[in-house]
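Here the structure is laid out as structure tokens; the discussion comes afterwards.
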Amino acid sequence: MTLQQTEIFIFPSTPILANIYDTHVATLAGELSDKTSFTINIISFNDPKNADKVQQKAQAIQKKISGRFFLLKTRNPFFALFELKRIMTGYKNSKILFHTHNYYTSYLIFIIKKMITQRVIHYIEFKGLVPQEHLLYGCKSRIQEILIYLISTHFEKNIVKCGDFFSVVSHKFKDHLIKKYKSIRKKNIIVIPSVFDTSLFYYDDRLREKVRQEIGLQSTDILITYSGGVQNWQNIDLFIDIIKHQMFKDCRFLFISRETDQLKKIFQQKEIDENKVFLQGGDQHRVNELLNASDFCFLCRKNDIVNKVSSPTKFCEYYSTKNQIIISSEIGDFSELISKTGNGIVIDTDKPIDFKMIKNFIISGRPFSEDSISLREFRSAFSYTENIKKIIASYHMLLKNQNTA
């Protein structure tokens with residue numbers, strides 16, 4: 009009797025070069041490359057704007073990712089399914105585990121499982137509630153967004169039925185799925201939050217002093233930061249209102265954004281004193297420097313279901329650089345974390361904002377606390393490596409259960 013080879017198929021939602029080397033998928037593939045019991049296969053949609061298969065393999069070697077690469081020529085579901093089925097014919101005697109990263113790729117595997125005879129284990133990664141995102145925040149016409157909502161809702165119902173294991177970005181997301189789909193068991197869901205690169209975002213006293221001097225801050229100045237664009241869902245209007253109510257002598261405001269021209273127009277419309285405001289862009293290294301210089305960060309969203317189950321990476325970047333956070337009351341698990349640690353202030357955006365309370369908190373001079381959770385513990389809990397370990401442990405558990413089934 010020959011031993012079965014275990015094949016892990018990682019199926020990102022975007023072309024390989026656009027996705028895999030900038031997300032935890034790369035870390036996952038690299039970690040799995042060291043596991044001799046697994047063979048790594050990465051399936052991706054082809055894109056003429058990206059490098060060809062040879063270049064992708066070269067990049068994979070640089071990232072220490074070993075395995076096979078499969079490029080699907082089109083996103084058309086009929087042709088994609090044909091190609092997937094053809095790929096699967098070469099693995100009739102193997103254990104197969106598919107790890108998919110969005111609704112569409114998950115739905116393709118839902119269909120493939122019905123088309124082939126071999127047992128396929130399906131690990132599905134939920135990053136957000138796609139149907140509700142389109143309904144509440146979609147940029148297309150209303151008719152198009154409703155159509156996308158209906159299609160993605162159909163996808164969600166079916167992939168939940170066919171999935172063997174799920175990861176979600178927050179405990180609130182987990183509770184939502186269990187309440188909505190009675191067929192899901194708690195033990196079949198793990199929480200993998202929106203992780204961040206701990207090598208790019210960290211706190212450093214000397215860096216803080218250096219950058220504050222560079223941008224002209226005095227030692228007594230308090231810097232409050234907004235990082236993002238001008239979209240309504242980021243609640244920029246609320247931050248502008250906070251600026252208007254916090255214009256005391258030592259308060260300064262930093263906007264980290266690529267949309268500087270639009271922000272300048274907003275400042276003029278809202279009559280904001282630009283001498284109190286810094287506008288900055290830049291890469292992740294520069295963002296880390298600016299966050300080190302900052303004292304408070306703003307992260308407020310609407311209290312809707314999309315945000316209630318979310319896990320914004322920005323929070324990790326803010327917290328990891330010892331910023332206290334002005335946060336709305338319904339952002340995934342993070343609002344509760346701020347309430348627990350006291351490292352910020354939680355505001356209910358559904359009620360009239362108490363600007364005096366925010367001002368009193370800002371000027372209180374309360375230091376960043378590590379009593380409830382140390383910065384080291386936080387960085388570990390939200391790092392790539394720790395959460396990749398959870399995923400790999402789930403793979404082993406699923407494959408072991410298949411052997412005993």
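Quick note on our numbering: the sequence shown kicks off at 9 and runs consecutively.
Ideal Cβ placement from N, Cα and C applies to all residues, glycine included.
- By the neighbour-count criterion, in which a residue is buried when 16 or more other Cβ atoms sit within 10 angstroms of its Cβ, glycine 340 is buried.
- Counting only runs that start and end inside the stretch 204-267, the alpha helix (DSSP H) elements of at least 4 residues fall at 213-222, 244-253.
- Here DSSP, grouped into helix, strand and coil, assigns valine 314 to helix.
- In this structure, the beta-carbon distance from isoleucine 353 to isoleucine 366 falls below 8 angstroms.
- Look at threonine 82 here: in three-state DSSP terms it is coil, with no helix or strand label.
- Beta-bridge partners of leucine 287 (DSSP): Phe263.
- Within the stretch 294-373, the complete beta strand (DSSP E) segments of 3 residues or longer fall at 304-307, 332-336, 352-355, listed in chain order.
- Under DSSP, the beta-bridge partners assigned to glutamate 15 are Thr47, Ile104.
- CA-to-CA, the gap between leucine 287 and leucine 383 works out to about 28 angstroms.
- The stretch 141-150 and the stretch 305-318 touch, with no fewer than 3 CB-CB distances between them shorter than 8 angstroms.
- DSSP places tyrosine 131 within a strand segment (E or B) once states are collapsed to three.
- Considering only Tyr234, Glu91, Lys348, the residue with the shortest C-alpha distance to arginine 309 is Tyr234.
- DSSP places serine 391 within a strand segment (E or B) once states are collapsed to three.
- For isoleucine 198, the enclosing beta strand (DSSP E) stretches over residues 197-199.
- Relative to glycine 236, the option among Asn110, Leu246, Tyr211, Arg266 whose CA is nearest is Arg266.
- Annotation for asparagine 54: Pro23, Leu79, Leu80, Lys81, Thr82 place their beta carbon closer than 8 angstroms to its own, counting only its chain and skipping 5 residues before and after.
- Annotated three-state conformation of serine 175 is strand, per DSSP.
- For arginine 150, the uninterrupted alpha helix (DSSP H) run begins and ends at 150-170, by DSSP.
- Assignment of phenylalanine 87 by DSSP, reduced to helix, strand and coil, places it in the helix class.
- Here the alpha carbon of threonine 97 sits roughly 18 angstroms from the alpha carbon of glycine 75.
- DSSP, read as helix, strand or coil, puts arginine 76 in strand.
- Between phenylalanine 163 and tyrosine 131, the gap from beta carbon to beta carbon reaches 8 angstroms or more.
- Here the alpha carbons of lysine 278 and glutamate 394 stand approximately 44 angstroms from one another.
- Across the structure, threonine 47 and phenylalanine 209 are spaced so that their CA atoms are roughly 32 angstroms apart.
- Taking the C-beta atoms as reference points, isoleucine 264 is found no nearer than 8 angstroms to isoleucine 370.
- Taking the CA atoms as reference points, tyrosine 326 sits about 8 angstroms from phenylalanine 304.
- The beta carbons of aspartate 172 and isoleucine 129 sit about 5 angstroms from each other, so the pair counts as a contact at 8 angstroms.
- A Cβ-Cβ separation of about 26 angstroms leaves lysine 359 out of contact with serine 380 under the 8 angstroms criterion.
- In the same chain as serine 319, and ignoring 5 residues on each side of it, the C-beta atoms closer than 6 angstroms to its own belong to Val177, Ser178, Pro201, Ser202, Gly340, in chain order.
- The C-beta distance from aspartate 212 to isoleucine 361 rounds to 33 angstroms, too long to fall under 8 angstroms, and the pair is not in contact.
- Annotation for glutamate 141: the continuous alpha helix (DSSP H) segment containing it runs 138-145.
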